[in-house]
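Presented below is the structure to which this report refers.
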Amino acid sequence: MTPPRTSARSRYASPLRYPGGKARMAPWLTDTFEGLLGPMDVEIWLEPFGGGAGAALTALCTGKVPEAWIVEANPALAAFWTTVMNDGPALAARVERTIPTLALFQESRENVGAALAGEHLNVFDLGLSAFILNRCSRSGMILPSVGPIGGKMQAGQHTIAARFNAGALADRIRAVHALGDRFKVFAGDGISFLEDLPDSGVQDEVFCFVDPPYIGVGNDLYAVGMDDDLHQRLARALNRLTTPWLLTYDAHPRVPLLYPGSHVVEFDIPHTAGSSRVGTEYLVLGPGMDLPAVNPLGRGHVYRLAA
């Protein structure tokens with residue numbers, strides 16, 4: 002059966018905007034996935050920090066990746082993905098009927114804030130609230146503190162609905178839902194998922210693409226950030242894996258210290274969370290992973306750091 006592809010109306014596989022998302026790395030990552038060899042066929046693409054899932058979904062839609070799993074710790078974001086997979090047609094229809102307003106935006110902020118504070122909300126309603134914040138906030142971040150596009154006065158060129166093309170977004174939701182069992186969503190802690198992987202029974206079938214919150218400013222960008230202890234815990238989990246993995250991080254001096262036995266390369270990457278600029282990030286290569294000959298984004302510089 003030919004795998005579902007994204008709508009012709011959009012070049013994006015994910016319905017979400019996501020700061021620091023790695024969808025642009027998908028072609029290089031997919032080529033890397035196809036070249037993996039192991040005791041069993043590698044068939045599962047795992048992202049323990051699911052976020053916008055842009056890379057995973059783009060890879061799935063090529064037909065070259067059989068299955069992708071994401072783990073998401075933000076309960077609102079996990080609710081969105083769970084709703085897409087369990088109730089996608091209803092969510093798409095609701096999106097098509099939705100007209101973004103400041104009142105809806107405020108209600109969505111309150112719902113997301115309540116979920117992050119530990120309250121249990123209806124999964125469909127929470128998922129929709131997460132989607133509203135993602136599409137209608139200036140940054141795309143799913144936080145109760147974000148502001149709407151156009152501000153409170155809605156007097157500028159761009160207003161709250163500027164990034165809410167309901168028809169195209171509904172099509173993306175339906176396309177992801179149509180992936181069925183090829184795209185699996187787990188709500189919870191991605192580091193724990195990695196810690197349990199060696200004894201899971203699928204460890205020889207998995208490729209891990211790990212894109213955690215930044216060390217430098219990650220706690221400002223995400224609802225569920227990471228402190229130094231969690232970055233160390235992630236490093237311990239990855240350093241004991243025999244499963245092939247790749248890790249992207251901000252270009253922070255702590256990264257080579259956390260992964261002393263791994264190759265680290267620096268590459269150029271543009272960002273879109275509030276500014277258009279070219280920065281640099283690190284790519285850490287797990288066991289048996291080849292050094293990239295080109296920038297994983299297809300353009301810009303890449304070079305290996307001294308060991």
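At the far end of the sequence shown sits residue 308, using the working numbering, and the numbering has no gaps.
For every residue, glycine included, the Cβ atom is placed at its ideal position computed from N, Cα and C.
- Measuring C-alpha to C-alpha distances from L298 to each of A27, L17, P20 identifies A27 as the nearest.
- Judged by pairs of C-beta atoms under 8 Å, the region 94-114 touches the region 153-172, as three or more such pairs exist.
- For L47, the enclosing beta strand (DSSP E) begins and ends at 45-48.
- Taken through DSSP and simplified to helix, strand or coil, P149 comes out as strand.
- Residue pairing by DSSP places S138 opposite P149 in a beta bridge.
- The beta-carbon distance between L17 and N135, rounded to whole angstroms, is 5 Å. This is short enough to meet the 8 Å contact definition.
- Secondary structure within the region 230-263: the alpha helix (DSSP H) runs of 4 or more consecutive residues, fully enclosed, are 255-259 (chain order).
- In the DSSP annotation of this structure, the continuous segment of the alpha helix (DSSP H) that includes V113 starts and ends at 103-117.
- For L292, the secondary structure class from DSSP, reduced to helix, strand or coil, is coil.
- In summary, V295 is exposed, with fewer than 16 beta-carbon neighbours lying within 10 Å of its beta-carbon over all protein chains present.
- Of L180, G51, P49, G301, the smallest CA-CA separation from D88 is found for L180.
- In the three-state reduction of the DSSP assignment, R18 falls in the coil class.
- Counting C-beta atoms within 10 angstroms of its own C-beta, M227 has 16 or more neighbours from the protein chains shown and is therefore classed as buried.
- Its Cα nearest to that of L242, the residue D200 stands out among S130, D200, T249.
- A direct Cα-to-Cα measurement between P257 and D269 gives close to 17 Å.
- For I192, the uninterrupted alpha helix (DSSP H) run begins and ends at 191-197, by DSSP.
- Taking C-alpha positions only, L239 is separated from A104 by approximately 43 Å.
- Excluding its 5 nearest sequence neighbours in each direction, A171 has C-beta neighbours in its own chain below 6 Å: A93, V96, E97, listed in chain order.
- Nearest C-alpha to A74 among G202, A156, G52, M154: G52.
- In the structure shown, the three-state DSSP call for D126 is helix.
- D251 is not a Cβ neighbour of Y304, given a cutoff of 8 Å.
- In summary, R237 is exposed, with fewer than 16 beta-carbon neighbours lying within 10 Å of its beta-carbon over all protein chains present.
- Nearest in C-alpha terms to A56, of all of G289, P288, F208, is F208.
- In summary, M41 is exposed, with fewer than 16 beta-carbon neighbours lying within 10 Å of its beta-carbon over all protein chains present.
- With respect to T249, E282 sits close: the two C-beta atoms are nearer than 8 Å.
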